[in-house]
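Peer 1: One point on numbering: in this note's numbering, the residue at position 71 of the sequence shown is 1239, and numbering is uninterrupted.
Where a beta carbon is used, it is the ideal one built from N, C-alpha and C, also for glycine.
Owing to the predicted nature of the structure, the values given are computational and were not obtained by experimental measurement.
Okay, handing you the structure first.
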Amino acid sequence: MSDAITVRRVDADEARERGAALSHALADVLIDCVEGGASVSFMLPLPREKALAFWRGVLAAVTRGERVLLLAETTAGRVAGTVQLITAQPDNQPHRADVAKMLVHRDARRRGVAGLLMKAVDQAARDAGKNVLVLDTVTGGDAERLYQRAGWHSAGTVPKYALMPDGAYCATTFFYKHLA
Ligand SMILES: CC(C)(COP(=O)(O)OP(=O)(O)OC[C@H]1O[C@@H](n2cnc3c(N)ncnc32)[C@H](O)[C@@H]1OP(=O)(O)O)[C@@H](O)C(=O)NCCC(=O)NCCS
């Protein structure tokens, strides 16, 4: 991918009206990341139907106002990356949100796409009135450097927290960020 990238938010109307097309485009990115070895909740092999079902669920949550879904797109409209902000939280954590499923297609990596998504997710959090963000990621993975660059702090590591797509245990590091 050599196109310029822009980041935008999928609103509730688009999630309802373009759900099928969006689910397929996002499934392409998710499957590519899992096949590339990313530990992002799914195991190998990842059937397309399972990936599609995941994104349908995310889009339904967007229509309910429970999640913010961001897309990084090429000028040709291809989805190069995505991230989510989970805004629906317990009553005693109205100021907090989780950042989840930061995914960039292997074809589009190392061009700053994830960096753009991180800036946009901060803005989406501010817009939603959130000032404490939390996420977790594979310990020692590429994403750790991304989060540190974006001003996140490590809160600690849990050994054997999850599995890699091939079944090997992996440690997970929890990160947080306080927005000014
Ligand atoms: C982690 C991930 C999201 C990073 O995406 P990305 O778009 O490649 O990230 P960026 O381009 O912003 O940064 C990646 C690297 O490219 C570098 N870079 C950024 N823009 C660049 C440019 N224009 N030219 C050259 N290098 C560049 C960054 O400095 C960074 O370097 P580092 O790896 O040495 O730290 C991506 O690898 C991915 O999707 N991995 C699989 C899924 C995953 O693990 N997600 C995290 C779940 S918590």
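(1) Opposite residue 1252 in the DSSP bridges: which residues?
(2) Below 8 Å between beta carbons: does that hold for residue 1223 and residue 1190?
(3) According to the neighbour-count rule (16 or more other Cβ atoms, all chains shown, within 10 Å of its Cβ), is residue 1241 buried or exposed?
(4) What residues are listed by DSSP as bridge partners for residue 1242?
(5) For residue 1220, which residues of its own chain have a beta-carbon under 8 Å away from its beta-carbon, when the five flanking residues on both sides are left out?
(6) Would you tell me roughly how many angstroms separate the C-alpha atoms of residue 1233 and residue 1324, rounded to the nearest one?
(7) Let me know the secondary structure DSSP gives residue 1343 once reduced to three states.
(8) Count the other CB atoms, across all protein chains shown, that sit within 10 Å of the CB of residue 1249; report buried if there are 16 or more and exposed otherwise.
(9) Whole angstroms are fine: how far does the CA of residue 1207 sit from the CA of residue 1292?
(10) Nearest-angstrom Cα distance between residue 1314 and residue 1289?
(11) Given the structure, does residue 1311 come close to ligand 1, in the sense that its CB is under 7 Å from one of the ligand's heavy atoms?
(12) Let me know the secondary structure DSSP gives residue 1326 once reduced to three states.
(13) Report the residue from 1268, 1297, 1225 and 1294 whose alpha carbon sits nearest the alpha carbon of residue 1342.
(14) CB of residue 1339 to nearest heavy atom of ligand 1: below 7 Å?
(15) Work out the CA separation of residue 1188 and residue 1236 for me, nearest whole Å.
(16) Looking at C-alpha atoms only, which residue of 1198, 1279 and 1210 is the closest neighbour of residue 1335?
(17) Out of 1227, 1239 and 1287, state which residue places its alpha-carbon closest to the alpha-carbon of residue 1345.
(18) Following a CB-centred definition, is residue 1305 positioned closer than 7 Å to any heavy atom of ligand 1?
Peer 2: Reading from the atomic positions:
(1) In the DSSP output, where bridge partners are listed per residue, residue 1252 has 1237 and 1268.
(2) yes
(3) buried
(4) 1173
(5) 1191, 1192 and 1195
(6) 30 Å
(7) strand
(8) Label assigned to residue 1249: buried.
(9) 25 Å
(10) 13 Å
(11) Relative to ligand 1, residue 1311 has its C-beta within less than 7 Å of a heavy atom.
(12) Residue 1326 falls in the strand class under three-state DSSP.
(13) 1268
(14) no
(15) 18 Å
(16) 1210
(17) 1287
(18) True, at least one ligand heavy atom lies under 7 Å from that Cβ.
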